[in-house]
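Each residue of the sequence shown is one higher than the one before, counting from 1 in UniProt numbering.
The block underneath contains the structure these notes are about, expressed in C-alpha cells.
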Amino acid sequence: MSDSNKSIRWGYLPDEILTHIFTFLPIKSTIICTSVSKTWKSLIQNPTFISTHLHHSHNKNQNNLRLLILLRNDKEVYTLHKEDDDPDFTEYTSFESPIQAPDPDYRDVVGTCNGLLCLSYSLPKHFEEIFLWNPCVRKFLQLPSPNVTFDTYDKSLKSFGFGFDPKTNDYKVVRILSLLRSRGDFGMSRPRVDVYSLSTGEWRMLSASASLPPTCAITSHGPPAFASGALHWIAVTGDKKRFVLVFDLGDEVFHQILLPELPSYTGKMRWTHVYVYGNSIAGFQRRVENGQINIWVMKEYGVASSWTKFSHQCPILGMPYTHPIGFRRNGEVILLNMGSELVSWNPDSQNIKNLEINGEIHTFCGSYVESLVLFDKATKGVVTY
1 MSDSNKSIRW GYLPDEILTH IFTFLPIKST IICTSVSKTW KSLIQNPTFI STHLHHSHNK
61 NQNNLRLLIL LRNDKEVYTL HKEDDDPDFT EYTSFESPIQ APDPDYRDVV GTCNGLLCLS
121 YSLPKHFEEI FLWNPCVRKF LQLPSPNVTF DTYDKSLKSF GFGFDPKTND YKVVRILSLL
181 RSRGDFGMSR PRVDVYSLST GEWRMLSASA SLPPTCAITS HGPPAFASGA LHWIAVTGDK
241 KRFVLVFDLG DEVFHQILLP ELPSYTGKMR WTHVYVYGNS IAGFQRRVEN GQINIWVMKE
301 YGVASSWTKF SHQCPILGMP YTHPIGFRRN GEVILLNMGS ELVSWNPDSQ NIKNLEINGE
361 IHTFCGSYVE SLVLFDKATK GVVTY
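Here you go:
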C-alpha cells in the first residue's frame with residue numbers, strides 16, 4: 001500500500017471529528033486552521049463551535065491569565081500574565097490597542113469577559129465611544145451611540161458594566177445614567193438604564209430602572225464586578241446609605257445587597273470598590289484620613305450576613321495611599337502604590353512582593369481567558385486589523 005493511501009485524508013474526516021480536534025487546539029493554532037480550507041474555516045467560525053471552544057477553555061482551567069493595562073512611552077499597552085505557571089507574575093505576552101484614543105485620561109475599562117474587552121472613551125458633553133475588542137482574533141466593534149438626552153441637566157453620573165448572559169448566550173453592555181441639576185443632587189430624577197445587546201446590535205431603555213432606588217447614584221471606583229451572571233457596583237442613596245447595587249443580566253432587574261454596618265468608632269471609612277473574589281465578591285473600604293484599607297469578603301454569594309472581614313488593614317508601604325486594583329488567583333491583592341509601582345500583598349503572611357511593574361492611575365487588572373468571541377462576526381461593523 002502506498003504512503004499516500006496510508007496517510008489520513010484530513011479533507012474527508014467527518015465534521016464531528018474535526019470539530020472535536022479543533023476544540024483542543026490553542027487559539028493561535030485554531031485561527032491558522034481557518035486558512036487551510038473553506039470547510040475548516042466554516043466549522044471554526046460557527047457560533048456553536050466558538051461557544052464549545054470557550055466552554056472547554058474554562059473547564060481546562062485555562063483562564064489563569066491576568067490582564068494589566070499600562071502606559072509605556074505614552075502608549076497604552078495590554079499585558080497578559082500567567083499566574084499558575086509563574087508566581088512571579090512574569091509577562092506572558094503583550095499587545096497594543098488598535099483603537100485610537102484622543103486622551104487616555106478619558107479611557108475607562110468597562111470590563112472583561114470571555115476574552116472580550118469593553119472600553120469606553122468619553123469627554124464630558126462631547127462624545128461617547130464604546131468598543132468591544134478581542135485582541136486574540138484581532139477584531140473590534142464600535143457600538144452605536146445610546147439614545148441619550150442631557151436636556152437642561154448641568155451634570156451627569158455615568159456608569160457602565162459589561163458581562164455575559166448565559167440564558168441567551170449574549171453579551172451585554174449596561175449604562176446607568178443619573179442626571180443631576182447640581183453637584184451631589186441625586187433626587188431630581190430616577191436613573192436611566194440602557195442595555196446594548198451584541199446579538200441585536202442595538203441599545204434599548206429598560207423599564208426595569210423602576211426597580212432602582214429613586215435617588216440612587218453609583219460611587220464605585222473602577223468597573224463593576226461581574227460574578228454569578230450579574231454586575232455589582234458600590235452605590236449610594238440620597239440619604240448617603242451605601243450598598244451593593246446588583247444587576248442580573250439574565251432577568252435584567254436590579255436588587256440590593258446590604259453592606260456590613262460600621263461602628264461609629266471606625267471614623268470616616270468609605271466603601272470604594274467591589275471586586276470578584278472566587279465565585280463571590282469582595283468590598284474595599286478606605287479611611288479618608290490615612291488611606292487605610294479594609295477588605296470584606298462575602299463568603300456565601302448573595303447572603304449579606306456572610307460578609308467577613310478579610311483583613312484589618314492593608315499595608316501602607318511607606319506612603320499614605322495605596323490603590324487596590326484586583327485580586328490574584330492565589331488570593332493576594334494587587335496594589336498600586338502612590339509611587340506608581342505594582343505590588344502583590346499576601347493578607348495572611350503580610351508579605352509584600354514588588355512586581356517590578358510600573359503603573360499609574362489608569363492601571364487596570366482583571367481576569368482574562370483567550371477566546372474566539374467575535375471571530376464569527378464578519379460584518380455588522382466588526383473591524384479586522
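All residues carry an ideal CB built from backbone N, CA and C; glycine is no exception.
Kindly list the residues whose CB is nearer than 7 Å to the CB of Val137, restricted to its own chain and excluding five residues on each side of it in sequence; keep chain order. Along the sequence shown, one-based indexing puts residue 137 at 137. Around Val137: Ile31, Leu372, Leu374, Phe375.
For His56, which residues does DSSP report across the bridge? As a working note, residue 56 is residue 56 in the sequence shown. Answer is none; His56 lacks a bridge partner.
Taking only the alpha-carbon atoms, compute the straight-line gap between Thr79 and Thr93 and give it to the nearest angstrom. Working through the sequence shown from its first residue, we reach residue 79 at position 79. Working through the sequence shown from its first residue, we reach residue 93 at position 93. For Thr79 and Thr93, the distance between alpha carbons rounds to 6 Å.
For Ile69 versus Phe364, is the C-beta spacing smaller than 8 Å? Taking the sequence shown and counting its residues from 1, one reaches residue 69 at position 69. Taking the sequence shown and counting its residues from 1, one reaches residue 364 at position 364. Cβ distance < 8 Å, so Ile69 and Phe364 count as in contact.
C-beta contact flag for Ile325 and Thr272 at 8 Å: Numbered from its first residue, the sequence shown carries residue 325 at position 325. Numbered from its first residue, the sequence shown carries residue 272 at position 272. The answer is no: Cβ separation not under 8 Å.
Would Phe247 be called buried (16 or more neighbouring beta carbons within 10 Å of its own) or exposed? Looking up residue 247 in the sequence shown gives position 247. Phe247 should be labelled buried.
If contacts are defined as beta-carbon pairs under 8 Å, then Met298 and Ile281 qualify, I think. What distance do you get, rounded to the angstrom? As a working note, residue 298 is residue 298 in the sequence shown. As a working note, residue 281 is residue 281 in the sequence shown. Right, their Cβ atoms sit about 5 Å apart.
Can you tell me which residues form a DSSP beta bridge with Leu119? Your numbering for residue 119 matches position 119 in the sequence shown. According to DSSP, which records beta bridges pairwise, Leu119 is partnered with Val109, Phe131.
Contact between the region 328-337 and the region 28-48 (3+ Cβ pairs under 8 Å): no
Give a yes or no on whether the C-beta atoms belonging to Lys353 and Lys139 are separated by under 8 Å. In the sequence shown, residue 353 corresponds to position 353, counting from 1. In the sequence shown, residue 139 corresponds to position 139, counting from 1. Cβ atoms of Lys353 and Lys139: not closer than 8 Å.
Assuming Leu259 and Ile218 are in contact, meaning their beta carbons sit under 8 Å apart, how far apart are those beta carbons, in whole angstroms? Mapped onto the sequence shown, residue 259 falls at position 259. Mapped onto the sequence shown, residue 218 falls at position 218. Not confirmed; about 14 Å, so no contact.
Check Lys41 in the structure and name its three-state DSSP category. Position 41 of the sequence shown holds residue 41. Here Lys41 sits in helix by DSSP.
Tell me the DSSP secondary structure of Ile32 in three-state form. Here residue 32 refers to the residue found at position 32 of the sequence shown. In the structure shown, Ile32 sits in a helix (DSSP, three-state: H, G or I).
Neighbourhood of Lys172 by C-beta, 8 Å cutoff - its chain only, sequence neighbours within 5 removed: Indexing the sequence shown from 1 puts residue 172 at position 172. Taken in chain order, the residues that qualify are Phe162, Gly163, Phe164, Asp165, Val195, Tyr196, Ser197, Leu198, Leu249.
Do Phe310 and Ile295 have their CB atoms nearer than 8 Å? Position 310 of the sequence shown holds residue 310. Position 295 of the sequence shown holds residue 295. Yes, Cβ-Cβ distance for Phe310 and Ile295 is below 8 Å.
Assuming contact is defined by CB atoms lying nearer than 8 Å, are Phe226 and Cys113 in contact in what I supplied? Start at 1 with the first residue of the sequence shown, and residue 226 comes out as number 226. Start at 1 with the first residue of the sequence shown, and residue 113 comes out as number 113. Result yes, Cβ atoms of Phe226 and Cys113 sit closer than 8 Å.
Can you find the residues in the same chain that come closer than 8 Å, C-beta to C-beta, to Asn147, ignoring five residues on each side of it along the sequence? In the sequence shown, counting from the first residue as 1, residue 147 sits at position 147. Here the set comprises Asp194, Trp203, Met205.
Reference His20; option with closest CA among Ser344, Ser35, Ser51, Lys38: Here residue 20 corresponds to residue number 20 of the sequence shown, with the count starting at 1. Nearest of Ser344, Ser35, Ser51, Lys38 to His20, Cα basis: Ser51.
Among residues of its own chain, excluding the 5 on either side of Phe160, which ones have a beta-carbon nearer than 6 Å to its beta-carbon? For the purposes of this step, residue 160 is taken as residue 160 along the sequence shown, with counting starting at 1. Same-chain partners within the cutoff: Val110, Ser120, Arg175.
My output table needs one value for Tyr301: the three-state DSSP class, helix, strand or coil. Residue numbering aside, residue 301 sits at position 301 when the sequence shown is read from its first letter. In this structure, Tyr301 counts as coil in the three-state DSSP scheme.
Just curious, the beta strand (DSSP E) that Leu258 is in, first and last residue? To locate residue 258, count along the sequence shown from 1; it is residue 258. 253-258 is the extent of the beta strand (DSSP E) around Leu258.
Determine the DSSP secondary structure at Ser178, reduced to helix, strand or coil. Taking the sequence shown and counting its residues from 1, one reaches residue 178 at position 178. In this structure, Ser178 counts as strand in the three-state DSSP scheme.
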